[in-house]
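Peer 1: Sequential numbering of the sequence shown, starting at 2, is according to the working numbering.
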Amino acid sequence: MLLRLQTQALGGVRAGQGRPLALVLACLLAMALAAGGDGLLPQLRLALFNAYQVHFPRQRASGPVQIIAIDEASLKEFGQWPWPRTRLTELIEHINAQQPLAIGLDILMPEPDTTSPEALAARLPAGPLRDSLAALPAYDDVLAAAMRRAPIVLGAAGFAHPEAGTSDALRVWPVHVNWPASSLPVMRFPQAMSSLPLLQAASRGQGLLSVNLEKGIVRRAPLVGAIGDTLAPALSMELLRVATGSSALEIEADADGVHSVSVGDLRVPTAPDGTVWVNFSAPAMDRYISALDVMRGRLADGALQNKIVIVAMTGLGLTDYKTNARGDFMPGVDTHAQMIESFFDGTFLRRPGWMRWAEVATFAACSLLLVWLLPKLRLLLAVPLGGALVLGVYGVGMLLFARAGLLFDATSVVCAVVLVGLSLLTSMLAAAVRDRKHSDRALQVARVSAAKTAGELGAARRIQMATLPQAALSFPGEQRFSLEALLEPAREVGGDLYDFFMLDRDRLFFMVGDVSGKGLPASLFMVVAKALSKSIALRGPSEMAAIMNGANRELTRENPEMLFVSSVAGILDASNGQVFLCNAGHDAPRRLTVDGRVEHLQAADGPPLCVMDDFEYPVQHYQLQAGECLCLTTDGINEAMNEAGDLYGNERLDRLLAALPAAAATPAALVQAVRDDVRLHVGQAEPSDDLTLLVLRWNGAA
2 MLLRLQTQAL
12 GGVRAGQGRP
22 LALVLACLLA
32 MALAAGGDGL
42 LPQLRLALFN
52 AYQVHFPRQR
62 ASGPVQIIAI
72 DEASLKEFGQ
82 WPWPRTRLTE
92 LIEHINAQQP
102 LAIGLDILMP
112 EPDTTSPEAL
122 AARLPAGPLR
132 DSLAALPAYD
142 DVLAAAMRRA
152 PIVLGAAGFA
162 HPEAGTSDAL
172 RVWPVHVNWP
182 ASSLPVMRFP
192 QAMSSLPLLQ
202 AASRGQGLLS
212 VNLEKGIVRR
222 APLVGAIGDT
232 LAPALSMELL
242 RVATGSSALE
252 IEADADGVHS
262 VSVGDLRVPT
272 APDGTVWVNF
282 SAPAMDRYIS
292 ALDVMRGRLA
302 DGALQNKIVI
312 VAMTGLGLTD
322 YKTNARGDFM
332 PGVDTHAQMI
342 ESFFDGTFLR
352 RPGWMRWAEV
362 ATFAACSLLL
372 VWLLPKLRLL
382 LAVPLGGALV
392 LGVYGVGMLL
402 FARAGLLFDA
412 TSVVCAVVLV
422 GLSLLTSMLA
432 AAVRDRKHSD
442 RALQVARVSA
452 AKTAGELGAA
462 RRIQMATLPQ
472 AALSFPGEQR
482 FSLEALLEPA
492 REVGGDLYDF
502 FMLDRDRLFF
512 MVGDVSGKGL
522 PASLFMVVAK
532 ALSKSIALRG
542 PSEMAAIMNG
552 ANRELTRENP
562 EMLFVSSVAG
572 ILDASNGQVF
582 LCNAGHDAPR
592 RLTVDGRVEH
602 LQAADGPPLC
612 VMDDFEYPVQ
622 HYQLQAGECL
632 CLTTDGINEA
642 MNEAGDLYGN
652 ERLDRLLAAL
662 PAAAATPAAL
672 VQAVRDDVRL
682 HVGQAEPSDD
692 LTLLVLRWNG
702 AA
């Protein structure tokens with residue numbers, strides 16, 4: 002035992018040396034996780050979010066967007082870009098004939114059409130041809146007229162520095178915000194490149210085409226930006242505004258930044274800088290329609306009806322293809338189309354402000370579990386525990402993404418937890434080396450101490466068992482009753498007790514009890530309880546109630562450890578078979594009749610001794626017939642467990658006693674039968690409690 006205590010103490014030293022350092026490290030890492038931004042390991046976080054989209058791509062529930070692609074087939078048919086504005090006018094009119102909800106032009110037209118008649122006339126000398134060309138309508142006017150008849154939304158590109166064709170003025174439609182626009186942390190551009198003022202005036206909306214590139218990859222896109230101090234919506238939101246017939250966009254913001262951008266009944270949650278994580282689907286080529294098919298009238302009727310259409314250049318060499326978070330190499334317009342699709346389907350990707358606190362809480366829970374449990378485990382168990390924690394955290398992240406579109410940074414949490422675990426392991430290994438010599442010395446001391454303790458406990462067991470009376474020697478020549486008792490402690494010493502002695506020539510006092518607790522304290526209190534009960538019974542009134550009440554008062558005064566004793570005690574009048582019992586919180590005795598029945602007597606009608614010092618225990622009265630037995634037990638019998646954890650139980654004891662009727666078996670035989678049956682049930686399992694049994698048989702008055 003001493004060796005075990007010393008080993009535990011050394012383990013506690015190792016744990017104590019590792020835990021404070023691990024807790025300090027955990028606090029620092031928790032502060033870093035709570036700091037916000039892109040986390041401890043931004044590239045790993047982004048790689049994780051990319052993996053989410055690769056394994057759980059957005060499923061297209063609707064297809065509200067069609068991209069009219071000015072692709073290589075269109076360029077081959079109609080000539081290289083830029084096309085004359087009349088060609089673009091023809092394309093718009095074909096699209097508008099299908100009655101779309103909105104038409105977005107992912108095309109910038111900052112300069113007049115150089116193929117327009119007035120432009121050609123300006124390059125010719127004076128004459129009839131020049132005059133004829135000058136009289137023709139300008140192509141830009143023709144395009145503007147067509148745009149007025151269609152729900153056109155123009156695109157604009159933000160520039161960080163002034164360039165040829167850029168301006169700090171941009172025509173935008175109303176954007177309502179409940180916070181000063183100049184203080185919002187949105188993407189800001191000093192200037193922007195847009196189409197001609199004539200075309201802007203003919204359109205019904207204008208939105209930014211700019212998106213965020215992170216290491217050349219599109220993951221996030223702004224829903225609102227600013228050109229100078231003027232708020233400008235993204236092309237996707239402006240298309241939705243025009244498609245829904247809304248007059249303005251609504252921005253919800255406060256001192257922490259932008260919370261959402263709304264149009265009509267659609268509310269899109271955003272990051273504080275007004276961006277959203279784009280929820281990409283797998284590549285869908287049915288989203289694209291060649292401009293050649295539109296111009297040749299190859300579309301089915303209604304193919305674009307009630308759709309949002311975006312006209313964009315997709316021919317290689319004419320547009321910058323971009324890699325999205327899934328690793329798909331797609332035209333830039335695909336991002337805007339996918340954003341609108343995800344908004345229609347309500348499949349937003351969100352990383353709300355509370356997510357970092359959820360990550361901190363997850364890290365704290367895992368770290369505390371490691372700090373508490375890891376020093377207690379062997380390495381073979383610690384490694385699976387760490388692996389289970391890692392898989393659990395990643396599993397939570399994948400579940401949140403797949404079910405709710407929430408971006409949980411499992412990588413940062415796992416890396417922080419691994420650092421805490423490594424800190425613990427390092428401290429434990431260092432402490433183990435220091436403790437090795439101490440363990441060797443402690444082992445030698447423990448061996449000596451264990452031998453000494455074993456000897457002392459053996460002596461204590463012998464003394465305790467010697468205080469118990471022996472039935473075979475206690476009543477020589479007595480024929481009116483016979484009695485047998487058994488007590489087997491579960492440990493070296495036990496807390497059960499039994500006693501029996503004559504109060505006078507005819508009356509036999511007997512009792513069985515069970516002290517709460519185990520080990521030495523219970524065994525000492527057992528001796529005290531037995532001695533006090535016998536002293537009270539022999540020196541005072543010999544009535545059953547007086548004996549039980551007096552024992553309760555005396556034991557309560559002499560009980561510094563606040564132990565209690567469940568007990569059943571009785572007096573048998575050997576001259577007539579009358580029995581007087583007091584039950585203090587103990588199992589009810591059994592009565593074995595001469596015809597083989599087992600009757601349970603009245604249950605306990607009072608609390609255990611030492612629970613209430615002023616309780617007056619009532620007395621139960623019974624009349625035994627010649628040959629009947631009383632069987633008193635403690636819970637060590639019915640609660641005896643085998644290796645599988647199955648209890649012996651009261652029903653099995655009743656069946657055994659019924660099979661050995663009192664008229665045909667002596668108390669000694671009954672005790673031996675119960676003892677053997679309990680041992681058979683327990684098998685190789687360790688005893689769970691003391692085993693105590695007392696059997697009293699009244700043979701008759703003669």
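A virtual CB, placed ideally from N, CA and C, is assigned to each residue, including glycine. Quick caveat, the model's predicted, so the values are computed rather than measured.
Determine which residues share a DSSP beta bridge with Gln579 and list them.
Peer 2: Paired residue(s): Asp574, Gln624.
Peer 1: Evaluate contact between the segment 306-326 and the segment 358-371, counting only Cβ atoms and requiring at least three cross-stretch pairs below 8 Å.
Peer 2: With the cut-off at 8 Å, the segment 306-326 and the segment 358-371 do not touch.
Peer 1: Tell me, which residues are paired with Val419 by DSSP?
Peer 2: Beta-bridge pairing links Val419 to no other residue.
Peer 1: Could you check what DSSP says for Ile108 in three-state terms: helix, strand or coil?
Peer 2: Coil.
Peer 1: For chain C, find out if any of its Cβ atoms is closer than 7 Å to the Cβ of Ala486; answer yes or no.
Peer 2: This model lacks chain C altogether; it includes just one protein chain.
Peer 1: Identify, in the order they occur along the chain, each residue of the same chain with its Cβ nearer than 7 Å to the Cβ of Thr412, setting aside the five sequence neighbours on each side.
Peer 2: Leu42, Leu45, Arg46, Leu49, listed in sequence order.
Peer 1: If we ignore side chains and look at the alpha-carbon of each, how far apart do Leu564 and Asp614 end up?
Peer 2: About 13 Å.
Peer 1: Does the Cβ of Leu474 have 16 or more other Cβ atoms within 10 Å, making it buried, or fewer, making it exposed?
Peer 2: By the 10 Å Cβ count, Leu474 comes out exposed.
Peer 1: Where Gly217 and Asp266 are concerned, what is the direct C-alpha to C-alpha distance, given to the nearest angstrom?
Peer 2: So the alpha carbons of these two residues sit roughly 34 Å apart.
Peer 1: Answer with buried or exposed for Met286, where buried requires no fewer than 16 other C-beta atoms within 10 angstroms of its C-beta.
Peer 2: When all chains shown are included, Met286 counts as exposed.
Peer 1: Figure out for me which residue from Ala417, Asp507, Leu525 has the closest Cα to the Cα of Arg462.
Peer 2: Comparing Cα positions, the closest option is Leu525.
Peer 1: Throw me the rounded Cβ distance for the Val262 and Val225 pair, which I believe falls under 8 Å.
Peer 2: The Cβ separation is near 6 Å, so the contact holds.
Peer 1: Just mark Gln339 as buried or exposed, buried being the case when its beta carbon has 16 or more other beta carbons within 10 Å.
Peer 2: Gln339 should be labelled buried.
Peer 1: Going residue by residue through the segment 285-355, where are the continuous alpha helix (DSSP H) segments of at least 4 residues, counting only ones entirely within it?
Peer 2: The segment 285-355 contains these whole alpha helix (DSSP H) runs: 292-296, 334-346.
Peer 1: Output the residue ranges of the beta strand (DSSP E) runs that lie fully inside the segment 656-696 and measure 3 residues or longer, sorted by chain position.
Peer 2: Runs found: none.
Peer 1: For Pro152, count the other beta carbons within 10 Å of its own beta carbon; 16 or more makes it buried, fewer makes it exposed. Which is it?
Peer 2: With 16 or more Cβ atoms within 10 Å of its Cβ, Pro152 is classed as buried.
Peer 1: Decide if Leu291 is buried, meaning its Cβ has at least 16 other Cβ atoms within 10 Å, or exposed.
Peer 2: The residue asked about is misnamed: residue 291 is Ser in this sequence, not Leu. The residue in question, Ser291, is buried, as its Cβ has 16 or more Cβ neighbours within 10 Å.
Peer 1: Let me make sure I understand the geometry here. Which of Gly166, Ala222, Arg205, Ala666 has the alpha-carbon closest to that of Ala244?
Peer 2: Looking at the Cα atoms, Arg205 is the closest of the given residues.
Peer 1: Which first and last residues belong to the beta strand (DSSP E) in which Phe57 is found?
Peer 2: Run containing Phe57: none; DSSP gives neither H nor E here.
Peer 1: By the 10 Å Cβ neighbour count, where 16 or more other Cβ atoms means buried, how is Gln9 classified, buried or exposed?
Peer 2: Low confidence applies to Gln9: its pLDDT is 46, below 50, so where it sits in the model is not reliable, and the reading given next is rough at best. It is exposed - the Cβ of Gln9 has fewer than 16 other Cβ atoms within 10 Å.
Peer 1: Determine the contact status of Ala530 and Leu488, defining contact as a CB-CB distance below 7 Å.
Peer 2: For Ala530 and Leu488, no; Cβs fall outside 7 Å.
Peer 1: By Cβ distance, which residues of its chain are closer than 7 Å to Asn550, with the 5 residues on each side in sequence left out?
Peer 2: If we look at Asn550 and ignore the five residues flanking it on each side, its Cβ neighbours are Glu617, Tyr618.
Peer 1: Who pairs with Gly206 in a beta bridge, going by DSSP?
Peer 2: According to DSSP, which records beta bridges pairwise, Gly206 is partnered with Val154.
Peer 1: Given that a residue counts as buried once 16 or more other Cβ atoms are within 10 Å of its Cβ, and exposed if not, what is Pro129?
Peer 2: Exposed is the call here.
Peer 1: Per DSSP, what are the beta-bridge partners of Met512 in this structure?
Peer 2: Asp500, Ala570, per the DSSP bridge assignment.
Peer 1: With DSSP collapsed to three states, give me the class of Ser482.
Peer 2: Sequence inspection shows Phe at residue 482; the Ser mentioned does not correspond to that position. Phe482: strand per DSSP, three-state reduction.
Peer 1: Determine, using beta carbons only, whether Arg86 and Asp132 come nearer to each other than 7 Å.
Peer 2: No, Cβ-Cβ distance for Arg86 and Asp132 is not below 7 Å.
Peer 1: Identify which residue in Asp574, Ala589, Gln673 has its Cα closest to the Cα of Ser567.
Peer 2: Of Asp574, Ala589, Gln673, the residue nearest in Cα terms is Ala589.
Peer 1: Assuming contact is defined by CB atoms lying nearer than 7 Å, are Ala702 and Ser576 in contact in what I supplied?
Peer 2: A contact, by the Cβ cut-off of 7 Å.
Peer 1: With a threshold of 7 Å on Cβ separation, who are the neighbours of Ser247 within its own chain once the five nearest residues in sequence on each side are excluded?
Peer 2: Here the set comprises Val264, Gly265.
Peer 1: Please name the residue or residues paired with Gln67 in a DSSP beta bridge.
Peer 2: Beta-bridge pairing links Gln67 to Val310.
Peer 1: With the cut-off set at 7 Å, would you say Gln192 and Thr167 are in Cβ contact?
Peer 2: Contact flag set, yes.
Peer 1: How big is the Cα-Cα spacing for Pro186 and Glu253?
Peer 2: So the alpha carbons of these two residues sit roughly 13 Å apart.
Peer 1: Can you name the start and end residues of the alpha helix (DSSP H) that Met549 belongs to?
Peer 2: That run of the alpha helix (DSSP H) goes 545-558.
Peer 1: Measuring CB to CB, does Ile372 end up less than 7 Å from Val391?
Peer 2: It is Val, not Ile, that sits at residue 372 in the sequence shown. Cβ distance not < 7 Å, so Val372 and Val391 don't count as in contact.
Peer 1: With DSSP run on the structure shown, which of helix, strand or coil describes Met2?
Peer 2: Reliability fails at Met2, whose pLDDT of 42 lies under 50, so the model's placement of it is uncertain and the value that follows must be treated cautiously. In the structure shown, Met2 sits in coil (DSSP, three-state: anything other than H, G, I, E or B).
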